[in-house]
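Please read the structure below before turning to the comments.
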Amino acid sequence: MSVAALFYSWTVLFFILVPVTIFLYTDSKPRNWLIPLTAILAVLLIAYSVCFLMGYNLVYYVLDGFKISFDFSVYNTPRFLIGLTVLLSFGLWALLFYVKNINLKKKSFRPAFYIIICTLLLSFFILVIAPQKSGSEVLFMFAPLAIIISSYIEIIREKWFKEVFFAILFLTPIIVLFL
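Numbering (the numbering used here), first residue to last: 8 to 186.
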């Protein structure tokens, strides 16, 4: 994540998940808290050294990436509208069943489900506030949505509905490609 934060500043928000995960999965040993901090410091030290040798200002570079934009005009094309509508509607539909079925899962697996939901919320937040909306910020949502939608597909009982669901998910990128 530290390396990703050098290339896209808003990925710093995903650092919120590190203490949450440590709190949910491990006991409060100092070693579990020091390992992520050491990794962050190592990446920052290497990045600062490279920037120093190249004559760049790392602090300005990182802080310059924290711009906010609510301009969604890029998404007003058929290519983005169709793709995002299918992705977000299927994701929201699957999320409802995902949240509903969390209590049916084993107690030891529940923290993982909550972390996936937190990841989805953080990635949606990044999608909304991203300074340059090019469609690449949607990639942050792919991993949590893939997990949530696949969990939903596992519980679908009607075969025809599952096939229609798959067909739409399969055909949408092909249709969007030709728009």
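Glycine is no exception: its CB is placed at the ideal position from the N, C-alpha and C atoms.
Handout entry: I124 vs L102 beta-carbon contact at 9 Å
Key = Yes, the Cβ-Cβ distance between I124 and L102 is below 9 Å.
Practice task
Leaving aside the five residues before and after V135 along the sequence, list all residues of the same chain whose C-beta is less than 8 Å from its C-beta, in chain order.
Solution key: Same-chain partners within the cutoff: F77.
Practice task
Alpha carbon to alpha carbon, how far is K166 from P138? Give it in angstroms, no decimals.
Solution key: Their Cα atoms are separated by approximately 42 Å.
Practice task
Could you pull the start and end residues of the alpha helix (DSSP H) that T92 belongs to?
Solution key: Here the alpha helix (DSSP H) through T92 covers 85 to 107.
Practice task
Give the straight-line distance between the Cα atoms of Y32 and K114, rounded to the nearest whole angstrom.
Solution key: Whole-angstrom Cα-Cα distance: 12 Å.
Handout entry: Whole-Å CB distance - F97 paired with I156, under 8 Å assumed
Key = Indeed, because the Cβ distance is near 6 Å, the residues count as touching under 8 Å.
Exercise for the section: Please list, in chain order, all residues of the same chain as N39 whose beta carbon is under 8 Å from its beta carbon, the five residues on each side excluded. Expected result: Within the same chain, N39 has close Cβ partners I29, T33.
Handout entry: I133 versus S80 - alpha carbon distance
Key = Taking the straight line joining both Cα atoms gives about 16 Å.
Handout entry: Inter-residue Cα distance where the pair is F120 and G142
Key = The alpha-carbon atoms of F120 and G142 are separated by roughly 26 Å.
Problem - Among I89, A150, F172, P151, nearest to I160 - alpha-carbon criterion - result: Comparing C-alpha distances from I160 to each of I89, A150, F172, P151 shows the shortest one belongs to F172.
Exercise for the section: Taking T126 as the reference, give the member of S16, I75, A153 with the closest Cα. Expected result: Of the residues S16, I75, A153, the one whose Cα lies closest to the Cα of T126 is A153.
Exercise for the section: Measure the C-alpha to C-alpha separation of L176 and V93 and round it to an integer number of angstroms. Expected result: Computed Cα separation, rounded: 8 Å.
Practice task
With DSSP as the reference, label T45 as helix, strand or coil.
Solution key: In the three-state reduction of the DSSP assignment, T45 falls in the helix class, which pools H, G and I.
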